[in-house]
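Numbers 1 to 266, taken from the UniProt record's numbering, label the letters of the sequence shown in order.
Built from N, CA and C at the ideal position, the CB exists for glycine as well.
Here is the structure we will look at, set down as structure tokens.
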Amino acid sequence: MSDWLAAIILGLVEGLTEFIPVSSTGHMLLLGHFMGFQSAGKTFEIVIQLGALLAIVSVYFKKLWTLATRWPFDAEARRFLIGLLVAFAPAVVIGFLAYDFIKTVLFETPQVVCIALIVGGVILLLLDRMDKKPRWLDAEAYPMRIYFLIGLFQCLAMIPGVSRSGATIAGGLLLKTDKRSAAEFSFFLALPTMGAAVAYDLLKNHKTLDFSDVGLIVVGFVVAFISALAVVRFLLDFVSRRGFGVFAWWRIVVGVVGLALLQAGF
């Protein structure tokens, strides 16, 4: 497979999976393993995440601009921003302390990814079928303790294959948020979490970063942006109507197939 085709496929997978609860990292690691694609210093894999992040910014630009300009004068806007920081804080602490272990052990073990995909799929399937009346319907008005607890759930996604969006959404459902607001808050929480993760990756790996394949990186970035944009625009309405069952089953299938391929020596 040519590097150009690999860049398109990986960019597409990054964009399609970043904001749905199937683990973009898990998919990227497995695809990179089976396709034999890995950029020098993993520059490609790091930078194309910014394409997916840009999709969130473009869709929610008006709301983000309102929050950025009104928070000094608007108590509700200020409260939501504080809530985001409260939810983001656990990932900062745990990510900083466990960074080397995560990157050198967990990210280098495809079996961990597959098992996490399967386990996470089963959990998401069970949560999706829970018959509980949600108590919190507005992502911008959760109690502070809900923000903090969702932030703790997000830390589970440091295990590749768990899924950042999957962990935050599952945590939200357990804490009696509704499906739509849980998914929407996951979008907002992605901004500081993914932004900080990419920045820290770039800082830690700056000596090994290689931008010689700028063309491949640009292609992956653009494809990731376009595909993520499509997902962000349709996801909230989809989960409101259909729930997360299809994503749960997808995780299980990918995990089982991945384990089978690894067992076969691929």
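With 16 other CB atoms within 10 Å as the buried threshold, where does residue i fall?
i	result
Lys63	exposed
Pro21	buried
Gln111	exposed
Glu18	buried
Ala91	buried
Gly215	exposed
Glu184	buried
Asp201	buried
Ala199	exposed
Ser2	exposed
Met130	exposed
Asp128	buried
Arg164	buried
Taking Cβ to Cβ, would you say residue i is nearer than 8 Å to residue j?
i	j	result
Ile226	Gly83	no
Ala224	Ala52	yes
Ile48	Phe221	yes
Val253	Arg180	no
Val86	Met144	yes
Gly95	Met194	no
Ile115	Gly255	yes
Ile150	Thr168	yes
Gly26	Leu137	no
Met35	Ala7	no
Gln154	Leu191	no
Val59	Arg233	yes
Leu229	Ala55	yes
Ser23	Gly243	no
Ile217	Thr43	yes
For the ligand ATP, any of its heavy atoms closer than 7 Å to the Cβ of residue i?
i	result
Met158	As far as ligands go, the structure on display features none, and thus does not contain the ligand ATP.
With DSSP run on the structure shown, which of helix, strand or coil describes residue i?
i	result
Thr25	helix
Trp4	helix
Thr104	helix
Ala167	helix
Ala52	helix
Glu18	coil
Met194	helix
residue 314	The structure shown does not extend to residue 314, since the chain spans only 1 to 266, so no value can be given for it.
Phe73	coil
Ile82	helix
Met144	helix
Asp131	coil
Phe244	coil
Phe188	helix
Tyr200	helix
Asp213	coil
Gly172	helix
Tyr99	helix
Ile159	coil
Gly36	coil
Gly120	helix
Phe44	helix
What distance in whole Å lies between the Cβ atoms of residue j and residue i, which are believed to be in contact at a cut-off of 8 Å?
i	j	result
Leu30	Gly265	That belief does not hold up - the Cβ atoms of Leu30 and Gly265 are roughly 15 Å apart, past 8 Å.
Glu45	Glu140	Contact flag wrong, Cβ pair sits at about 32 Å.
Gly120	Gly161	7 Å
Val231	Gly11	That belief does not hold up - the Cβ atoms of Val231 and Gly11 are roughly 13 Å apart, past 8 Å.
Pro134	Thr177	6 Å
Leu81	Leu67	6 Å
In the DSSP output, what is residue i paired with across the bridge?
i	result
Thr177	Trp136
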